[in-house]
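First to last, the protein sequences are chains Y and D.
Start counting the first sequence at 0; every next residue gets the next number (numbering that gives the first Met the number 0).
Start counting the second sequence at 0; every next residue gets the next number (numbering that gives the first Met the number 0).
Below is one structure, written out as structure tokens, with a few remarks after it.
Number of protein chains: 2
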Amino acid sequence: MTKKKKYFKKFLIGIDLGGTNVYMVLVDTKGKIYAEKHFPTLAEKGPDFVIDNIILELKNLVNTNGYSIKDIWRIGIGSPGPLDSKKGIVYGAVNLPGWKYVKLKEKVQKATEIKTAVDNDANCAIYGEKWLGAGKKYNNIIGLTLGTGIGGGIIINGKLIRGINYNAGEIGHMSLNPDGILCKCKGKGCFEQYASASAIANIAKEKIRQGKKSIITEIVKGDLNKITSKVVYEGLLANDELAKEIWNEFIKYLATGIRNILHIFNPEVVIIAGGVINAGEKLFVPLREAVKKQTFEIIYNAAKIVPASLSERAGAIGAAGLVLFEGDFYGV
Amino acid sequence: MTKKKKYFKKFLIGIDLGGTNVYMVLVDTKGKIYAEKHFPTLAEKGPDFVIDNIILELKNLVNTNGYSIKDIWRIGIGSPGPLDSKKGIVYGAVNLPGWKYVKLKEKVQKATEIKTAVDNDANCAIYGEKWLGAGKKYNNIIGLTLGTGIGGGIIINGKLIRGINYNAGEIGHMSLNPDGILCKCKGKGCFEQYASASAIANIAKEKIRQGKKSIITEIVKGDLNKITSKVVYEGLLANDELAKEIWNEFIKYLATGIRNILHIFNPEVVIIAGGVINAGEKLFVPLREAVKKQTFEIIYNAAKIVPASLSERAGAIGAAGLVLFEGDFYGV
């Protein structure tokens, strides 16, 4: 925070724009959350509708909590990408139909008359954890969000590593096997093909289709499309052999990916997000053990491997944090 | 460079301490090299001898070129590690017998009365390339030195990424296969097991021992211990089938490692060092093609993949550059 900028207005709005839901927080510059909500994105209605709706919901959040839009100093938005976070333009997003070169920053600024920053959702999520979550005490943080893919966020010396055209952190597309599973990115053996939530489900589906017997089939009542990572985890708790095999493979690959990250960055903490962290010790105990075995002692001992603590709100909180602390980057 | 510091003394000495040879340069603050030399480390004589000898050679380099030790403003030293670059203490080094917790910075400062900084050799090598070599135009640079192992150096926004206890950049110990070749670090499938100069030689030795016929055997007159990456390259030039197979595998893994680095950092340039870059187009043309195939277009197009340009002098030049530009970090 430079001296020049004065916070005449107390609040920030943080928004996490997802393919399914939008999360929104009203937060002050000290990180106190005054209000929050989430609502369906209704992505199928296209970018103009989605943006108009977000602005309506934003005004509504402010008003229903007894504040005025004039109390809002800045808006931060996390969005799927690829995007240009400097200009606030979303080039496209797999889960947001019709989003092609959408000037998200400009549109929101125009409609609200509030300076706005846009960054990618994985960056926002890890920045949220740094500001108010599991990364609070740290300045060198790697974030991994295990979901459909694996989102990565990198914070070194307290600042996001963005890359030369804002595409750094694609840790999910680090190959762990040049002859491995073909990824939709055209690469082979991508980390997210083995250690994302989807990967767990996909591997289970495939093995069961190949004829493997498992309690998983009963849990989903024969409808293999209903298999999720959570279902595999339920199988694990029920001591199912296939579930154990899949879980161990998942941990092996996750540990390998984390090991690589530790050797590259020598960070203070790796923060793991996504529903799968609800597995708690069943995940983190074997994971840490597997990482320890294959990592330089001096590097392993310096690094914690911990679950994220903000759950779905991380991205919205981080979007607000980024516009607050890295406003210079966005020119706001 | 802060305003407080004035360069009363014109010169810097940069030193690259290797297991076999020491390289030394006398350079001014603008990067003009006035003198340089290299001499055997004589590592077997232990740390005290090696350090005393370096100081003698340093004084000799200064004097024989018509300067005085009083003209030297700072000394920078690149050393194998692990080491504490903040304190200038070398914890140990595989190729430097007897080096255990050697206070290299303190010893050199005491003997010369010149402020000294110590950093790891891979960091110095890439910093040299940034200051005066292939990385001159760039601020976001990943360096890979293919030698016995693979040394890595990472420069983001013009600054070295050092890690929380100065062990970042161990890119050679990024696994490319959790079930791959066991590395001496105890991990499996480490990058350097497939794409270092030693890996090329080792894979050739193993395949020939397994009975594969190759011109390589003739080149080394049957003495398989004499196989080096250069010999494999000679086999490639002679159109030898085994050499081609090994070379293609090497490029496949090198491309995978670079692809990972590109997705993680989205850098401007990857600079590759080591004797193997003498293969020129036979290396870089297929390498770039293989990286391109498996990398996000927006990331690939932003990044150059180029050979280093300073050869053996990179580390010494970079050591001088680091003490000049990042002196604050070392407290000098």
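Yeah, the Cβ is synthetic: ideal placement off N, Cα and C, and Gly gets one too.
Asked                                                                                                                                   : Found
Chain Y within 7 Å of residue 281 of chain D, Cβ atoms only                                                                             : no
DSSP-derived helix/strand/coil call for residue 38 of chain D                                                                           : strand
Among D:80, D:259, D:222, D:148, the one whose alpha carbon lies nearest that of residue 176 of chain Y                                 : D:259
Bounding residues of the alpha helix (DSSP H) (the contiguous stretch that carries residue 241 of chain Y)                              : 240-264
Beta-carbon neighbours of residue 164 of chain D, restricted to chain Y and to distances below 9 Å                                      : 265, 297, 298, 300, 301
Span of the alpha helix (DSSP H) around residue 72 of chain D                                                                           : No alpha helix (DSSP H) contains residue 72 of chain D, which is instead part of the beta strand (DSSP E) from 71-78.
Buried or exposed (CB count within 10 angstroms, at least 16 for buried), residue 330 of chain D                                        : exposed
Cross-chain neighbours of residue 347 of chain D in chain Y, by beta carbon under 8 Å                                                   : The structure shown does not extend to residue 347 of chain D, since chain D is modelled only from 0 through 331, so no value can be given for it.
Among Y:320, Y:174, Y:238, the one whose alpha carbon lies nearest that of residue 30 of chain Y                                        : Y:320
Cross-strand partners of residue 88 of chain Y (DSSP beta bridge)                                                                       : Y:83
Uninterrupted alpha helix (DSSP H) stretches inside the stretch 38-66 of chain Y (no shorter than 4 residues)                           : 46-63
Contact with chain D by residue 1 of chain Y, beta-carbon distance below 7 Å                                                            : At residue 1 of chain Y the pLDDT is 47, less than 50, meaning the model places this residue with poor confidence and gives no usable figure here.
Residue 342 of chain D, buried or exposed, once every other Cβ within 10 Å from all chains shown has been counted against 16            : As displayed, chain D neither begins before 0 nor continues past 331, which places residue 342 of chain D out of reach and without an answer.
Separation of residue 134 of chain D from residue 351 of chain D, as counted between CA atoms                                           : One cannot answer for residue 351 of chain D here, as it falls past the ends of chain D, which runs 0 to 331.
Neighbourhood of residue 334 of chain D by C-beta distance below 8 Å, restricted to the same chain and skipping five residues each side : What is shown of chain D runs 0 to 331, which leaves residue 334 of chain D out entirely.
Residue-chain proximity (residue 84 of chain Y, chain D), Cβ-Cβ < 7 Å                                                                   : no
Cα-Cα separation, residue 255 of chain D to residue 53 of chain Y                                                                       : 41 Å
Proximity test, Cβ basis, 7 Å: residue 23 of chain Y and chain D                                                                        : no
Which listed residue (D:263, D:214, D:326, D:79) has its alpha carbon closest to that of residue 98 of chain D                          : D:79
Residue 167 of chain Y at chain D interface by Cβ criterion, 7 Å                                                                        : yes
Nearest residue (CA-CA) to residue 149 of chain D, options D:308, D:280, D:292, D:252                                                   : D:252
Length at least 3, wholly inside the stretch 89-127 of chain D: the beta strand (DSSP E) runs in chain order                            : 99-101, 115-119
Beta-carbon proximity list for residue 50 of chain D, same chain, < 6 Å, skipping 5 on both sides                                       : 106
Short-range partners of chain D found in the stretch 239-251 of chain Y, where Cβ spacing is below 9 Å                                  : 251
First through last residue of the beta strand (DSSP E) which encompasses residue 234 of chain D                                         : Segment 228-236 is the alpha helix (DSSP H) holding residue 234 of chain D; no beta strand (DSSP E) there.
Below-7 Å beta-carbon distance, residue 170 of chain Y vs any chain D residue                                                           : yes
Contact with chain Y by residue 155 of chain D, beta-carbon distance below 7 Å                                                          : yes
Minimum C-alpha distance to residue 144 of chain Y - residue among Y:25, Y:277, Y:302, Y:323                                            : Y:277
Rounded separation between residue 189 of chain Y and residue 293 of chain D - CA only                                                  : 10 Å
Own chain residues within Cβ distance below 8 Å of residue 174 of chain D, not counting five before or after                            : 186, 187, 188, 189, 190
Within 7 Å, strictly: CB atoms of residue 70 of chain Y and residue 8 of chain Y                                                        : yes
Residue 305 of chain Y - partner residues in DSSP beta bridges                                                                          : Y:270
Run of the beta strand (DSSP E) containing residue 24 of chain Y, from where it starts to where it stops                                : 20-27
Interfacial residues, the stretch 139-155 of chain D to chain Y, with Cβ spacing under 9 Å                                              : 139, 151, 153, 155
Partner residues on chain B for residue 160 of chain D, Cβ-Cβ distance less than 8 Å                                                    : No chain B appears in the structure shown, which is made up of the protein chains Y and D.
Sequence-distant residues of the same chain with beta carbon closer than 8 Å to residue 287 of chain D, five excluded per side          : 304
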